[in-house]
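Respectively, the protein sequence lines represent chains A and B. Position one of the first sequence corresponds to residue 0 (numbering that gives the first Met the number 0), numbered consecutively onward. Position one of the second sequence corresponds to residue 0 (numbering that gives the first Met the number 0), numbered consecutively onward. Notes for the one structure printed next.
Number of protein chains: 2
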Amino acid sequence: MTGERTLRDVGEFAVIDRIVSNSQIPVEVAEVGPGDDAAVLAATDGRVVACVDVLVEGRHFRRDWSSAIEVGKRAAAASLSDVNAMGARATSVLVGLVAPADLPLAWVNEMAAGLTQECTQAGAVLAGGDTTEGDAIVISVTALGSLDGRAPITRAGAQPGDRVAVCGRLGWAAAGLAVLGRGFRSPKALVDAHRYPQIDYDAGRRAAVSGARAMIDVSDGLIADLGHIARASGVQIDITTEGNVAFEVPEPMQAAAAAYNVDARGWMLTGGDDHALVAAFPADVDLPEGFVQIGVVREQAGQADESSASVVTVDGSSWDDGSGGPGGFTHFG
Amino acid sequence: MTGERTLRDVGEFAVIDRIVSNSQIPVEVAEVGPGDDAAVLAATDGRVVACVDVLVEGRHFRRDWSSAIEVGKRAAAASLSDVNAMGARATSVLVGLVAPADLPLAWVNEMAAGLTQECTQAGAVLAGGDTTEGDAIVISVTALGSLDGRAPITRAGAQPGDRVAVCGRLGWAAAGLAVLGRGFRSPKALVDAHRYPQIDYDAGRRAAVSGARAMIDVSDGLIADLGHIARASGVQIDITTEGNVAFEVPEPMQAAAAAYNVDARGWMLTGGDDHALVAAFPADVDLPEGFVQIGVVREQAGQADESSASVVTVDGSSWDDGSGGPGGFTHFG
Numbered sequence: 000m001t002g003e004r005t006l007r008d009v010g011e012f013a014v015i016d017r018i019v020s021n022s023q024i025p026v027e028v029a030e031v032g033p034g035d036d037a038a039v040l041a042a043t044d045g046r047v048v049a050c051v052d053v054l055v056e057g058r059h060f061r062r063d064w065s066s067a068i069e070v071g072k073r074a075a076a077a078s079l080s081d082v083n084a085m086g087a088r089a090t091s092v093l094v095g096l097v098a099p100a101d102l103p104l105a106w107v108n109e110m111a112a113g114l115t116q117e118c119t120q121a122g123a124v125l126a127g128g129d130t131t132e133g134d135a136i137v138i139s140v141t142a143l144g145s146l147d148g149r150a151p152i153t154r155a156g157a158q159p160g161d162r163v164a165v166c167g168r169l170g171w172a173a174a175g176l177a178v179l180g181r182g183f184r185s186p187k188a189l190v191d192a193h194r195y196p197q198i199d200y201d202a203g204r205r206a207a208v209s210g211a212r213a214m215i216d217v218s219d220g221l222i223a224d225l226g227h228i229a230r231a232s233g234v235q236i237d238i239t240t241e242g243n244v245a246f247e248v249p250e251p252m253q254a255a256a257a258a259y260n261v262d263a264r265g266w267m268l269t270g271g272d273d274h275a276l277v278a279a280f281p282a283d284v285d286l287p288e289g290f291v292q293i294g295v296v297r298e299q300a301g302q303a304d305e306s307s308a309s310v311v312t313v314d315g316s317s318w319d320d321g322s323g324g325p326g327g328f329t330h331f332g
Numbered sequence: 000m001t002g003e004r005t006l007r008d009v010g011e012f013a014v015i016d017r018i019v020s021n022s023q024i025p026v027e028v029a030e031v032g033p034g035d036d037a038a039v040l041a042a043t044d045g046r047v048v049a050c051v052d053v054l055v056e057g058r059h060f061r062r063d064w065s066s067a068i069e070v071g072k073r074a075a076a077a078s079l080s081d082v083n084a085m086g087a088r089a090t091s092v093l094v095g096l097v098a099p100a101d102l103p104l105a106w107v108n109e110m111a112a113g114l115t116q117e118c119t120q121a122g123a124v125l126a127g128g129d130t131t132e133g134d135a136i137v138i139s140v141t142a143l144g145s146l147d148g149r150a151p152i153t154r155a156g157a158q159p160g161d162r163v164a165v166c167g168r169l170g171w172a173a174a175g176l177a178v179l180g181r182g183f184r185s186p187k188a189l190v191d192a193h194r195y196p197q198i199d200y201d202a203g204r205r206a207a208v209s210g211a212r213a214m215i216d217v218s219d220g221l222i223a224d225l226g227h228i229a230r231a232s233g234v235q236i237d238i239t240t241e242g243n244v245a246f247e248v249p250e251p252m253q254a255a256a257a258a259y260n261v262d263a264r265g266w267m268l269t270g271g272d273d274h275a276l277v278a279a280f281p282a283d284v285d286l287p288e289g290f291v292q293i294g295v296v297r298e299q300a301g302q303a304d305e306s307s308a309s310v311v312t313v314d315g316s317s318w319d320d321g322s323g324g325p326g327g328f329t330h331f332g
């Protein structure tokens with residue numbers, strides 16, 4: 000490691016500069032860009048969509064499993080996807096980085112490059128940040144976005160009779176994590192899906208334009224996130240996996256499930272981090288490009304409680320993942 | 000500790016709910032508040048001011064030195080102050096919290112209460128957040144604000160002939176940290192200043208209305224932050240401490256400086272975290288309420304380099320803090 004420059008060698012200000020200086024910000028996006036106390040960003044329709052997501056080393060990523068670029072892409076994606084799920088267009092991102100002083104500068108530069116790449120893919124710019132020292136790497140990403148005059152698509156608003164449709168991959172990241180956790184590096188397609196998600200950043204806008212009444216991105220797991228919609232909307236959601244193209248187990252996942260003797264449907268129904276969009280549409284509208292129907296919205300049948308099992312059914316039954324709890328990923332669980 | 004509930008006991012979603020549910024958000028501030036994928040916030044003049052600041056346990060605060068409420072107030076203040084320093088009014092805050100699973104729930108609730116208190120003081124609301132598990136507490140605060148149609152006051156814009164003025168306390172937090180670091184708990188006024196700053200959240204607006212041409216909040220230290228203005232503006236700043244009321248050493252600081260045999264001016268010139276505002280005003284305008292002149296802006300005399308010493312003078316000389324480096328607090332230093 001001799002000669003490898005670390006954060007300690009360059010000082011805080013240089014690190015921040017490095018992170019944001021890769022970002023060329025058009026004047027129509029920012030009146031004041033990185034490098035001042037705060038950025039001043041355009042919010043042309045008089046509103047701003049805002050959310051924050053935090054990634055922690057050892058919990059969300061491992062440096063021996065993911066490259067710095069992949070970590071940066073994944074950190075940005077988590078927040079950018081939340082903007083997408085409101086039916087909005089991400090415009091800018093602020094990053095808060097906690098890093099050990101002995102972290103190689105090259106890692107930070109590559110992580111920043113990954114952040115920038117993912118932002119560019121979503122049409123957003125890296126507009127500011129803060130770096131400070133700590134024992135473990137923490138990346139906090141705030142994403143801001145514009146609704147371009149449209150109404151936001153929240154978790155509430157699904158109505159009985161609506162069609163529920165998904166856009167994007169289900170369970171790939173969870174399967175990839177299972178592969179890595181067992182000490183393997185293949186199937187590579189699954190491992191890559193854990194490292195960073197493949198997100199269609201225009202899908203939220205398309206859903207909004209098509210009349211979506213409720214929407215969320217799958218970050219906790221399909222059932223858990225449909226549970227969020229169902230509870231916020233006061234409805235029940237019944238999904239059908241049998242004979243549904245959206246639940247056909249893709250080849251790499253079949254291979255992994257067979258090797259580990261598990262049901263791949265578990266990954267698809269409860270795995271998060273692929274950031275697929277799932278939305279409720281009125282029955283009489285055409286689903287937008289990329290969306291596939293997976294279920295329907297019904298009146299709430301029983302007593303809704305905190306569990307997703309009480310408001311979401313799979314092929315007519317409550318989904319039992321064997322844990323005794325609701326489906327999906329729970330932090331501090 | 001038996002029976003004390005921790006984060007592990009309540010699960011992630013409950014923690015987020017607790018943090019943001021204390022915040023009542025008026026409809027004119029948020030179209031969508033906490034609890035959805037993202038918040039949708041008003042940005043009535045078509046722009047939004049945005050910044051992020053990260054606090055790390057063990058580096059910015061210690062739980063045995065500060066209460067949870069104080070930590071929450073300080074975390075919010077760091078970002079709210081950056082909005083203030085743009086001449087803007089803070090409107091909303093998003094918080095990203097990393098916390099160990101065995102952290103008492105009571106600590107999180109009180110920290111959230113502190114965040115909310117400080118937001119309320121600045122006129123802002125807690126609009127969203129994300130909580131995740133990690134070994135050390137990290138609090139990332141994103142503050143958003145409105146310029147209400149005014150131009151932002153950046154670090155650039157100071158012109159030769161301008162008066163430089165400060166609003167707020169200098170060196171109190173640094174002196175308080177020195178007291179705590181030596182194992183003492185008094186003078187209490189200094190210790191309290193380290194625990195959370197006293198900020199005039201209207202001062203930025205007043206400075207802007209009065210015609211301030213450049214502004215920053217003192218978070219790295221007066222000389223370091225004036226160095227940021229001087230370099231961004233391409234000027235030199237000469238400050239005068241002798242006979243200046245702004246540099247009269249307040250009584251508790253006199254006592255501590257005498258006890259530790261140090262020069263209290265070091266705290267006042269290089270201590271950060273009090274978040275005083277310092278701004279450059281045209282010579283012919285009246286300084287706004289609360290601002291005291293501390294110096295003048297001149298043409299750059301010599302060769303400016305990365306050091307504040309090259310662009311800021313104190314009583315006619317470069318300030319030497321004995322470290323051989325520029326004044327002020329450098330992370331990873």
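Even glycine gets a Cβ: it sits at the ideal position worked out from N, Cα and C.
- Annotated three-state conformation of Asp219 (chain A) is coil, per DSSP.
- Considering only A:Ile236, A:Val82, A:Ala282, the residue with the shortest C-alpha distance to Gly315 (chain A) is A:Ile236.
- By the rule that beta-carbons nearer than 8 Å mark a contact, Pro151 (chain A) touches chain B.
- Exclusion of the five residues before and after Gly128 (chain B) leaves Ile15, Ile18, Val19, Pro33, Leu93, Val94, Gly95, Leu96 as the residues of its chain whose Cβ lies within less than 8 Å of its Cβ.
- Where Glu69 (chain A) is concerned, the enclosing alpha helix (DSSP H) starts and stops at 67-83.
- Between the segment 76-94 of chain B and the segment 178-187 of chain B there are fewer than three C-beta pairs closer than 8 Å, too few to call the two in contact.
- Inclusion of Val140 (chain B) and Ala49 (chain B) in the CB contact set at 8 Å is not warranted, their separation being larger than that value.
- With respect to the 8 Å criterion, Arg149 (chain B) and Phe280 (chain B) are not classified as neighbours on the basis of their beta carbons.
- Annotation: Gln158 (chain A) to Ser232 (chain A) spans about 7 Å, alpha carbon to alpha carbon.
- Close CB contacts of Ala173 (chain A) within its chain, under the 6 Å cut and outside five residues either way in sequence, are with Trp266, Gly270 (chain order).
- Contact residues of the segment 35-61 of chain A toward chain B are Asp35, Asp36, Ala37, Ala38, Val39, Leu40, Ala41, Ala42, Thr43, Gly45, Arg46, Val47, Val48, Ala49, Cys50, Val51, Asp52, Val53, Val55, Arg58 (C-beta to C-beta distance below 7 Å).
- Secondary structure within the segment 184-247 of chain B: the beta strand (DSSP E) runs of 3 or more consecutive residues, fully enclosed, are 213-216, 234-238 (chain order).
- In the DSSP secondary-structure assignment, Gln292 (chain A) is bridged to A:Ala164.
- Leaving aside the five residues that flank Gly10 (chain A) on each side, none in its chain has a CB nearer than 7 Å to its CB.
- Per DSSP, the continuous beta strand (DSSP E) segment holding Leu125 (chain A) begins and ends at 124-132.
- It is roughly 33 Å from the alpha-carbon of Gly203 (chain A) to the alpha-carbon of Leu6 (chain B).
- When C-beta atoms of the segment 221-228 of chain A are compared with those of the segment 102-111 of chain A, fewer than three pairs fall below 8 Å, so the two segments do not count as touching.
- Between Ser209 (chain B) and Val284 (chain B) a beta carbon distance of about 6 Å is seen, short of the 8 Å cut, so the two are scored as contacting.
- With a threshold of 8 Å between beta carbons, Gly271 (chain A) makes no contact with chain B.
- Shown here, Gly144 (chain A) sits in a strand according to DSSP, grouped into three states.
- Among the CB atoms of chain B, none fall inside 8 Å of the CB of Met110 (chain A).
- Residue-level contact check: Glu30 (chain A) touches chain B, since one or more beta carbons of chain B fall below 8 Å from its beta carbon.
- Annotation for Glu109 (chain B): Ala67, Ile68 place their beta carbon closer than 6 Å to its own, counting only its chain and skipping 5 residues before and after.
- Only buried fits Asn83 (chain B), as 16 or more other CB atoms lie within 10 angstroms of its CB.
- With fewer than 16 neighbouring CB atoms inside 10 Å of its own CB, Val291 (chain B) falls in the exposed class.
- Residue contact check for Ser317 (chain B) against chain A: no CB pair falls below 8 Å.
- By alpha-carbon distance to Ala300 (chain A), the top candidate from A:Cys118, A:Gly289, A:Ile293, A:Thr312 is A:Thr312.
- At a cut-off of 8 Å between C-beta atoms, Arg154 (chain B) counts as an interface residue with respect to chain A.
- For Thr239 (chain A), the nearest beta carbon of chain B is not closer than 8 Å to its own beta carbon.
- Here the alpha carbon of Leu286 (chain A) sits roughly 17 Å from the alpha carbon of Thr239 (chain A).
- Residue state for Glu27 (chain B) is assigned as coil, using DSSP reduced to three classes.
- Nearest CB-CB separation between Ser139 (chain B) and chain A: below the 8 Å threshold.
- Identification of residues in the segment 194-225 of chain A having a C-beta nearer than 7 Å to some C-beta of chain B yields Ile215, Asp216, given in sequence order.
- Among the CB atoms of chain B, none fall inside 8 Å of the CB of Leu276 (chain A).
- Taking a beta-carbon distance threshold of 8 Å, Val97 (chain B) counts as an interface residue toward chain A.
- Take Gly133 (chain A), set aside five residues on each side of it, and the residues of its chain with a beta-carbon closer than 6 Å to its own are Val97, in chain order.
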